[in-house]
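What follows is a set of notes on a single structure, which appears directly below.
Numbering (the working numbering), first residue to last: 121 to 398.
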């Protein structure tokens, strides 16, 4: 088995920082694994690398192109790598591929184009305009090389036994969660560095109403005698909503700013329905 799994795409709000400390937050044992906000998949790949996913795996996200990219990596990494090897990594080619992707977002070529754009776009962000067109500019740095091809092959192996579906979290978690399973929940919140403006920052990404709906979902998980492990924004309103579950503070380093970026400590909440070790 490969010794290194890690996300093959860059995705806002990724949880790679959690991987080095995740075992302190896991239940003593669990069976199946569910992840409804898949994104870059940092926690999934981390748990796979540690050999902790021994039963069934269910992965989902509401982003169609993202899910299609995961299926492509799982089912046909050879064709993906062959396509990437034929590309050049210039600004001219980037905009040519971006234009084609926007004209034909659901063509068979869209999945490989999505991965190319993610790796070569500015800061690896995913952003669309009001027309739904991908509009991220060229990023001057394309991390696509032999090491990346090796990563794609490794991640393909990690995904072989995973069920991958395009669903919103409420639909995905409406199914009966099996007792003793683990659900990792990472809603797309934005952490603010001061408490001012928290609600405004999050209104379009994951609103307070969404957080309250999420509470109903985790209560159902809890009633199923399953476990959930959630990351969420460090804010009083989050503590109020999920306060009757176990809440811990976690401090991570974050790079804030543009060219003159500085490292800053940021707090996030880890919320579970089981006791975790100190």
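C-beta: ideal position from N, C-alpha, C; glycine also.
Problem set entry | Touch test, the segment 218-234 against the segment 151-163, Cβ-Cβ under 8 Å, three pairs minimum | no
Exercise. Less than 9 Å separating the beta-carbons of residue 340 and residue 293?
Worked result: The answer is yes: Cβ separation under 9 Å.
Exercise. So, using beta-carbon positions, are residue 226 and residue 291 closer together than 9 Å?
Worked result: Not closer than 9 Å, so no.
For this session: Would you mind reading off the limits of the beta strand (DSSP E) that contains residue 284?
Result: 282-286
Problem set entry | Cβ-based burial, residue 228 [other Cβ within 10 Å; buried from 16] | exposed
Problem set entry | Residue from 391, 213, 362 with nearest C-alpha to residue 348 | 391
Exercise. Quick one: what does DSSP say residue 190 is sitting in, helix, strand or coil?
Worked result: Here residue 190 sits in helix by DSSP.
Exercise. Which residue's Cα is closest to the Cα of residue 338: 350, 328, 327?
Worked result: 350
Problem set entry | Close-in-space but distant-in-sequence residues of the same chain around residue 264 (CB under 7 Å, 5 per side omitted) | Taking C-beta separations shorter than 7 Å and ignoring five residues to either side along the sequence, the partners of residue 264 in its chain run 204, 209, 239, following chain order.
Exercise. Where does the unbroken alpha helix (DSSP H) through residue 177 begin, and where does it stop?
Worked result: Note, residue 177: premise wrong, no alpha helix (DSSP H); beta strand (DSSP E) at 177-181.
Problem set entry | Top-ranked residue by Cα proximity to residue 131, from 245, 335, 190 | 245
Exercise. Can residue 334 and residue 308 be called in contact, C-beta distance under 9 Å?
Worked result: no
For this session: Please classify residue 391: does DSSP put it in a helix, a strand, or coil?
Result: strand
Exercise. Curious, which full-length alpha helix (DSSP H) runs of at least 4 residues does the segment 322-374 contain?
Worked result: 328-343, 356-362
Exercise. So the beta strand (DSSP E) residue 217 belongs to, where does it begin and stop?
Worked result: Unbroken run through residue 217 is the alpha helix (DSSP H), 211-223; no beta strand (DSSP E).
For this session: Taking residue 408 as the reference, give the member of 157, 256, 364, 243 with the closest Cα.
Result: With the chain running from 121 to 398 in the structure shown, residue 408 is simply not present.
Problem set entry | Burial state of residue 299 (16 or more Cβ within 10 Å) | exposed
For this session: State yes or no: is the C-beta of residue 372 within less than 9 Å of the C-beta of residue 387?
Result: yes
For this session: May I ask you to report which of helix, strand or coil DSSP gives residue 163?
Result: helix
Exercise. Could you give the uninterrupted runs of the alpha helix (DSSP H) lying entirely in the segment 223-276, keeping only those of 4 residues or more?
Worked result: With a minimum length of 4 residues, the continuous alpha helix (DSSP H) runs that stay inside the segment 223-276 are 230-240.
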